[in-house]
Amino acid sequence: MPLTFIFVGMDFFRKGGREMLEVLAELHKSYDFRLVLVSKLRVDERRYLMSESDEEEARKIIHANNEWIEFHEYLPNIQVLEKVRKAHVALLPTWMDTYGYSVLECQACGTPVISTSLRALTEENDENVGWLVKVPVNKLNNPLHGTLEQRKIFHNVLLKGLREKIEYVLTHRSEIECKAIKCLEKISKYHSPDEYARKLALIYSGRISELKELFP
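This note's numbering applies: residue 2 is where the sequence shown begins, and numbers increase by one.
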């Protein structure tokens with residue numbers, strides 16, 4: 002059974018879709034896998050384009066590889082989550098994200114994520130539950146791509162790191178199931194709605210001392 006990757010994101014280029022397609026198209030010459038792609042291929046900020054032909058080239062790659070790329074411009078959220086559950090690994094090689102809610106959604110489906118190592122993504126994803134592509138960041142963990150030269154460096158580092166992580170996953174498939182289990186355990190421990198409601202109830206009732214995780 003071929004390994005299935007999934008990428009979901011309307012803002013295709015900001016979220017690293019260009020680099021993902023380039024890497025996967027090259028790796029597919031040597032490995033058997035599928036990609037489920039859900040995106041309008043939207044350009045939210047043109048600074049994330051490396052050339053004026055990026056949009057056209059992305060569509061060409063998708064069309065030329067439609068035997069292994071399942072492409073949807075849009076799907077209802079319930080269908081997206083079902084495809085995430087059926088996928089083996091999710092991809093978020095993003096240039097810029099705030100918190101990384103999509104990472105949590107994937108982890109809650111038992112689908113580990115390959116993401117970049119910027120901003121809060123390092124809080125949601127790590128090598129215990131997924132894989133991190135290291136990219137240029139400053140001391141506040143914000144990505145460094147404000148100038149054209151920085152964007153070229155970021156692009157090349159992202160391509161190299163993403164290829165290494167994806168190829169590693171393709172050659173170490175046994176890690177996927179282990180990380181999928183750890184994803185579910187992590188979500189259950191730190192992001193359970195019921196547990197969150199219990200803690201809020203203790204706080205609002207003045208029983209903070211009962212929060213053992215704060216006062217062991």
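Here a beta-carbon is modelled for each residue, glycine too, at the ideal position from N, C-alpha and C. Predicted, not measured: the structure shown is a model, and the values here were computed from it.
Item                                                                                                                       : Value
Reference I188, options E150, Q108 and V39, closest by Cα                                                                  : Q108
Buried versus exposed, by CB contacts within 10 Å (16 or more), K166                                                       : buried
Buried or exposed by the 16-neighbour rule on C-beta atoms within 10 Å, applied to S54                                     : exposed
Helix, strand or coil at F155 according to DSSP, with G and I counted as helix                                             : helix
Residue range of the unbroken alpha helix (DSSP H) whose run includes L122                                                 : L122 to E125
Nearest-angstrom beta carbon gap, L93 and S103 [assumed within contact, 8 Å]                                               : 6 Å
Test item: CB-CB of E46 and R19 under 8 Å                                                                                  : no
C-alpha distance - S206 paired with Y197, whole-angstrom precision                                                         : 14 Å
Opening and closing residue of the beta strand (DSSP E) in which S116 lies                                                 : V114 to T117
6 Å Cβ shell around W132 - same chain, five flanking residues per side excluded                                            : I115 and K166
Chain-order list of residues whose beta-carbon lies under 6 Å from that of A181 (same chain, five-residue window excluded) : G111 and P113
Contact under 8 Å by Cβ, L4 with L185                                                                                      : no
Limits of the alpha helix (DSSP H) - the one that R43 falls within                                                         : R43 -> no alpha helix (DSSP H), and no H or E assigned at all.
Alpha-carbon spacing of I154 relative to V85, whole angstroms                                                              : 31 Å
Buried/exposed call for Y191, threshold 16 Cβ in 10 Å                                                                      : exposed
Cα-Cα separation, H89 to I177                                                                                              : 7 Å
Residues near K200 in its chain [Cβ-Cβ closer than 7 Å; skip 5 each side]                                                  : L212
According to DSSP, residues forming a beta bridge with E71                                                                 : V37
Cβ neighbour criterion (16 or more within 10 Å) applied to D98                                                             : buried
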